[in-house]
Amino acid sequence: MKDKIKPGPGQESVWDYPRPPKLEPSKKHIKIYWGEDLIAETNAAYRVLETSHPPVFYLPPIAVKMEFLEQEPKHQTFCEWKGMAVYWNVVSSHGESPRAAWSYPAPNARFAPIRDYFAFYPSRVTACYVNDEKVQAQEGDFYGGWITSDIVGPFKGGKGTSGW
Numbered sequence: 011m012k013d014k015i016k017p018g019p020g021q022e023s024v025w026d027y028p029r030p031p032k033l034e035p036s037k038k039h040i041k042i043y044w045g046e047d048l049i050a051e052t053n054a055a056y057r058v059l060e061t062s063h064p065p066v067f068y069l070p071p072i073a074v075k076m077e078f079l080e081q082e083p084k085h086q087t088f089c090e091w092k093g094m095a096v097y098w099n100v101v102s103s104h105g106e107s108p109r110a111a112w113s114y115p116a117p118n119a120r121f122a123p124i125r126d127y128f129a130f131y132p133s134r135v136t137a138c139y140v141n142d143e144k145v146q147a148q149e150g151d152f153y154g155g156w157i158t159s160d161i162v163g164p165f166k167g168g169k170g171t172s173g174w
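Using this note's numbering, you'd call the opening residue of the sequence shown number 11 and step up by one each time.
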């Protein structure tokens with residue numbers, strides 16, 4: 011593993027996040043774009059914080075423009091902490107992004123507040139913003155974390171990080 015980065019003022023280290031993961035409300039302003047279309051926006055998200063991973067933001071259904079989402083009927087995954095996830099394709103005149111979002115229709119009790127909330131892979135949409143800062147996508151194609159200037163790593167997910 012790379013050396014842990016010491017957080018500066020106003021920063022969080024992903025190595026201080028707990029395992030099992032923690033769910034916390036966030037009042038940060040979240041925006042998600044597909045092409046030029048704003049497809050989701052809220053100040054009432056949740057963050058999932060897990061050791062070695064950048065946060066994943068979950069947006070309430072009311073904050074998501076459902077005309078841009080189409081459920082992917084053939085793909086589901088299981089998370090030991092949250093339960094069974096279903097996936098959503100982002101679709102518009104700008105094209106399609108398969109499995110760009112996911113949700114938990116029946117999460118485990120600890121994660122009940124994010125029932126039917128949507129999380130988006132920053133790498134599979136045009137742009138995600140947290141308080142007007144453009145998000146950098148977590149490496150890899152599994153976790154979907156959102157990296158901003160107030161989060162330090164190193165982050166699990168990239169090539170060669172599965173063992174730590």
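Quick reminder that beta carbons are idealized off the backbone N, C-alpha and C, glycines included.
The beta carbon of ILE49 is closer than 6 Å to those of ILE42, LYS75, PHE78 in its chain, skipping five residues each way along the sequence.
In this structure, DSSP gives ASP13 a state outside helix and strand, which the three-state scheme calls coil. Below 8 Å, too few C-beta pairs join the region 118-128 and the region 145-158 to call them touching: fewer than three. The beta carbon of PRO31 is closer than 7 Å to those of VAL58, LEU59, GLU60, TRP91 in its chain, skipping five residues each way along the sequence. Here the C-alpha atom of SER133 lies approximately 17 Å from the C-alpha atom of LEU69. From the listed residues PHE165, ILE124, SER172, the smallest Cα separation to TRP25 is found for PHE165. The residue from GLU22, SER107, MET94, ALA55 with its alpha-carbon nearest to that of HIS39 is ALA55. Residues TRP44, GLY45, ASP47, PHE78 of the same chain have their beta carbon placed closer than 7 Å to that of SER102, with the five preceding and five following residues left out of the count. The beta carbon of ASN53 sits closer than 8 Å to those of LYS37, LYS38, HIS39, ILE40, all from its chain and outside the five residues before and after it, given in chain order. In the displayed model, ALA54 falls within coil according to three-state DSSP, outside both helix and strand. When PRO35, PRO19, SER62 are compared, the shortest CA-CA separation from GLY163 is found for SER62. Residue range 32-36 is occupied by the beta strand (DSSP E) that includes GLU34. Of all alpha-carbon atoms in MET94, SER107, GLU106, the one lying nearest the alpha-carbon of ALA119 is that of MET94. Check the Cα spacing between TYR114 and each of PRO108, CYS89, ALA137, VAL135: the tightest is with CYS89.
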